[in-house]
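Participant: Quick one: the structure is below, and I'll ask about it shortly.
Protein chains in written order, with the working numbering: chain W, 80 to 389; chain P, 168 to 425.
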């Protein structure tokens, strides 16, 4: 058990280390001199150039820059923005930090509940028209990118019917479409897996026993089958977070929402690499932590796995 | 579906009724008519022509990525499976580490380092894609190397390299073909996502993802471009996925997992 934990934590640390090195490289080895870009038409002002270079630590040897970068990160300091000279990255992304988690978490809750529900309905009615219809929708949801579905939904609900706003952020109405679009892929993924796992547990002996002793069908599905199906579902919850991160980034770009994903992409176009890399680090840290927690929870929940790894 | 898409992509320049780069401001956001069958985009380029050439761009990227991924994945997978020991440990560790990152995050880092464009897309998607192939090849190598025909070849004194090339690889082809076709739809989807975000294919080269992005602001009045590109993209991805499923059932009856 402790050996498993140690190995799991070691791979988490390795992942973060790779992310830190990759983002450092991306920040430092970009084409062009960021200081010249920042100076703009004041490029002849050598004093200002020297001061900016010192502020950004660009006058230091490379290994010292790296040490400065890492110690900064440990203090929660993501560096300074290129696009807004002298402004800390943390300030640039502050607004995004208030938006993206809302979209991500709402989409997570929506996909967990709706995904489980749809998957359970399909499994209980396996082979029926309802099952076939649901699985057809699921395959479409899995194979068509979110922004294609979004294009159709925006056209239908916002342009044709005028029910929902086309873009923006701030009102509850503006949040509905982005959250749904971000959740479509994860809902489909989760529904398909719930169906598979539930069909497996529904065929087990203990389910037959429960039915034989007269437990109502609803109780059999909810308490006997679904409960045991949650263990494998828990492992994919971590993988699903990757889809939700992607979904959030895409959705913010569709609906022009100034969240982390939108800022990350516009900052690449504006060559503001410290901002993009700061966001990349945040996403990586978040994704790694979730997966670490899921793996630990997985061992704690299922006694068979606990025995197997110890 | 797949044959249709591939034919369109190969003959795109010949099929396209107009140049995909020629602008005509009189045709800006023009309605579909006899000249521009699907209308014009913001700078008056023929949407139909751009859609057709977009198929070529998408498929070219998809097949480039597939080739790179197959070569790198097969080489590393066989080394890991055959050699074992530290090489196996290193390669398995590298796969796990790559898979620990969300794909889009890897793509953003690559796009930042290389600058957005076709090369960045190919590198980003290859970086993610080789892991799947390497895993399959590794497990296939592990199971195949214990087969009687491999032992016979070893006993006959065949060099390991020759065993791998002439005995192992031919036996992997069906599984790899199935895996590769299933991967095409996924690669096209990822490329479209990157281009949609502006991290992928750049103007003036047409790409479905980019056309959807450019079409979104005009959805209210001129939905043609976003709709046409969305339909083409959905048709292609679903087509390749169905093709992959069919191929899996035909070539690999045991592989009906999930």
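Yeah, the Cβ is synthetic: ideal placement off N, Cα and C, and Gly gets one too.
Using C-beta distances below 6 Å, list every residue in its chain close to residue 262/W, excluding the 5 sequence neighbours before and after it, in chain order.
Facilitator: 186, 189, 190
Participant: Quick one: is residue 298/P buried, meaning 16 or more other Cβ sit within 10 Å of its Cβ, or exposed?
Facilitator: Buried: at least 16 other Cβ atoms inside 10 Å.
Participant: In angstroms with no decimal places, state the Cα-to-Cα distance between residue 137/W and residue 284/P.
Facilitator: 28 Å
Participant: Leaving aside the five residues before and after residue 354/P along the sequence, list all residues of the same chain whose C-beta is less than 8 Å from its C-beta, in chain order.
Facilitator: 228, 229, 232, 233, 292, 296
Participant: Which of helix, strand or coil does DSSP assign to residue 140/W?
Facilitator: coil
Participant: Report, in whole angstroms, the separation of the C-beta atoms of residue 215/P and residue 224/W, which I expect to be a contact under 8 Å.
Facilitator: In fact, because the Cβ distance is near 22 Å, the residues do not count as touching under 8 Å.
Participant: When you compare the CB positions of residue 386/P and residue 234/W, do they come within less than 8 Å of one another, or not?
Facilitator: Closer than 8 Å, so yes.
Participant: Smallest Cα separation from residue 252/W: which of 334/W, 371/W, 147/W, 366/W?
Facilitator: 334/W
Participant: Kindly say whether residue 374/P, judged by its beta-carbon, lies nearer than 8 Å to any beta-carbon of chain A.
Facilitator: The chain inventory of the structure shown lacks chain A, comprising the protein chains W and P.
Participant: Please determine, among 328/W, 353/W, 376/W, the residue with the shortest C-alpha to C-alpha distance to residue 178/W.
Facilitator: 328/W
Participant: My parser needs the alpha helix (DSSP H) runs of 4 or more residues fully inside the region 257–288 of chain P; what are they?
Facilitator: 270–281
Participant: Apart from the five residues just before and just after residue 267/W, which ones in its own chain have a Cβ nearer than 6 Å to its Cβ?
Facilitator: Excluding positions up to five away in sequence, the list reads 217, 220, 221.
Participant: Which word fits residue 100/W, buried or exposed, when buried means at least 16 other C-beta atoms lie within 10 angstroms of its C-beta?
Facilitator: exposed
Participant: Examine chain P for any beta-carbon lying closer than 8 Å to the beta-carbon of residue 248/W, and answer yes or no.
Facilitator: no
Participant: Closest to residue 258/W by C-alpha separation, out of 228/W, 167/W, 286/W, would be which residue?
Facilitator: 228/W
Participant: Residue 167/W bridges to which residues according to DSSP?
Facilitator: Residue pairing by DSSP places residue 167/W opposite 159/W in a beta bridge.
Participant: To be precise: take each residue of the region 329–352 of chain W, compare its Cβ to all Cβ atoms of chain P, and keep it if any distance is under 7 Å. Which residues remain?
Facilitator: Answer in chain order: 329, 332, 333, 343, 344, 347, 348, 352.
Participant: Going by other Cβ atoms of all chains shown within 10 Å of its Cβ, with 16 needed for buried, is residue 316/W buried or exposed?
Facilitator: Residue 316/W sits buried, since 16 or more C-beta atoms from the chains shown fall within 10 Å of its C-beta.
Participant: Any residues in the region 261–288 of chain P with a beta carbon nearer than 8 Å to a beta carbon of chain W? Which ones, in chain order?
Facilitator: 263, 264, 267, 268, 269, 270, 271, 272, 275, 276, 278, 279, 280, 282, 283
Participant: Starting from residue 408/P, find everything on chain W with Cβ-Cβ shorter than 7 Å and list it in chain order.
Facilitator: 222
Participant: Three Cβ pairs or more, each shorter than 8 Å: is that satisfied between the region 362–374 of chain P and the region 189–209 of chain W?
Facilitator: no
Participant: Run through chain W and tell me which residues come within less than 7 Å of residue 397/P, C-beta to C-beta.
Facilitator: 227, 230, 231
Participant: Determine the closest residue to residue 247/P out of 277/P, 221/P, 310/P, with distance taken between C-alpha atoms.
Facilitator: 310/P
Participant: Grouping DSSP H, G and I as helix and E and B as strand, with all else coil, what is residue 213/P?
Facilitator: Note: residue 213/P maps to strand in three-state DSSP.
Participant: Which residues in the same chain have their Cβ closer than 7 Å to the Cβ of residue 169/W, if we skip the five residues on either side of it in sequence?
Facilitator: 157
Participant: Any contact of the region 342–353 of chain W with the region 287–302 of chain W, i.e. 3+ C-beta pairs under 8 Å?
Facilitator: No, the region 342–353 of chain W is not in contact with the region 287–302 of chain W.
Participant: Who are the neighbours of residue 94/W on chain P, taking C-beta pairs under 8 Å?
Facilitator: 264, 267, 268
Participant: According to DSSP, is residue 336/W helix, strand or coil?
Facilitator: coil
Participant: Whose C-beta lies closer than 6 Å to the C-beta of residue 308/W among residues of the same chain, with five residues either side of it excluded?
Facilitator: Residues of the same chain with a CB within less than 6 Å of the CB of residue 308/W, apart from the 5 flanking positions on each side, are 276, 277, 280 in chain order.
Participant: Quick one: grab the DSSP three-state call for residue 313/P.
Facilitator: coil
Participant: For residue 171/P, is the classification buried or exposed, using 16 other Cβ atoms within 10 angstroms of its Cβ as the cut-off for buried?
Facilitator: Residue environment for residue 171/P: exposed (fewer than 16 other C-beta atoms within 10 angstroms of its C-beta).
Participant: In chain W, what lies closer than 8 Å to residue 298/P by C-beta?
Facilitator: Ordered by position in chain W, no residue passes the 8 Å Cβ test against residue 298/P, which lies about 14 Å from the chain.
Participant: Just tell me which of 342/W, 176/W, 203/W has its CA closest to the CA of residue 301/W.
Facilitator: 203/W
Participant: Our contact map puts residue 324/W next to residue 280/P with C-beta atoms below 8 Å; I'd like the distance itself, whole angstroms only.
Facilitator: Separation of the CB atoms of residue 324/W and residue 280/P is rounded to 20 Å, and the pair is thereby denied contact status at 8 Å.
Participant: Nearest by alpha-carbon distance to residue 242/P: which of 333/P, 396/P, 304/P, 322/P is it?
Facilitator: 304/P
Participant: Can you name the residues of chain P whose CB is closer than 8 Å to the CB of residue 168/W?
Facilitator: Those do not exist, as residue 168/W stays about 14 Å from chain P at its closest Cβ, beyond 8 Å.
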